[in-house]
Amino acid sequence: MKCPICNIGVLKKKHIEEVMFGIPLGKFPAELCTQCGESFTDAETTRRIEDVAKKKGIWGLEMKTKITRTGNSLAVRIPKKIADFLNLKEGEEAYIHPEKNRIV
Ligand SMILES: [Zn+2]
Numbered sequence: 018m019k020c021p022i023c024n025i026g027v028l029k030k031k032h033i034e035e036v037m038f039g040i041p042l043g044k045f046p047a048e049l050c051t052q053c054g055e056s057f058t059d060a061e062t063t064r065r066i067e068d069v070a071k072k073k074g075i076w077g078l079e080m081k082t083k084i085t086r087t088g089n090s091l092a093v094r095i096p097k098k099i100a101d102f103l104n105l106k107e108g109e110e111a112y113i114h115p116e117k118n119r120i121v
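Numbering of the sequence shown is given in our numbering, commencing with residue 18 and proceeding in unit increments.
This is the structure we're talking about:
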């Protein structure tokens, strides 16, 4: 089957290591593009990956946040779930830098 992303490569069945937010979730069957490397998982596998992520407590850690104003600066709200996951405490120091159109 041709890759629907790049339209050049073909999809080959492989087992790939799924990683979410830097945490390995295990190996899952997927179809991998020989050209662009994009991977595709079927509905059943996607559901299994979701289950493992939920068990590890990392499901739903990707979320929108609002940028608010504090004085002359802008502040990024870190949602409680992410703060708990990273064990962040008020008053702790963090480093940020711009990278193209985003903040890292
Ligand atoms: Zn491709």
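Glycine included, C-beta positions come from ideal geometry on N, C-alpha and C.
Bridge partners - residue i, DSSP secondary structure assignment
i	result
residue 41	36
residue 116	119
DSSP-derived helix/strand/coil call for residue i
i	result
residue 99	helix
residue 91	strand
residue 105	coil
Cβ-based burial, residue i [other Cβ within 10 Å; buried from 16]
i	result
residue 129	There is simply no residue 129 to check, as the chain begins at 18 and stops at 121 in what is shown.
residue 35	buried
residue 28	buried
residue 49	buried
residue 23	exposed
Requested in this report: Mind listing, in chain order, the continuous alpha helix (DSSP H) runs of no fewer than 4 residues lying wholly within the segment 46-86?
Outcome: 60-72
Report task. With ligand 1 as the reference, list in chain order each residue whose Cβ lies under 6 Å from any of its heavy atoms. Result -> 20, 22, 23, 26, 50, 52, 53 and 55
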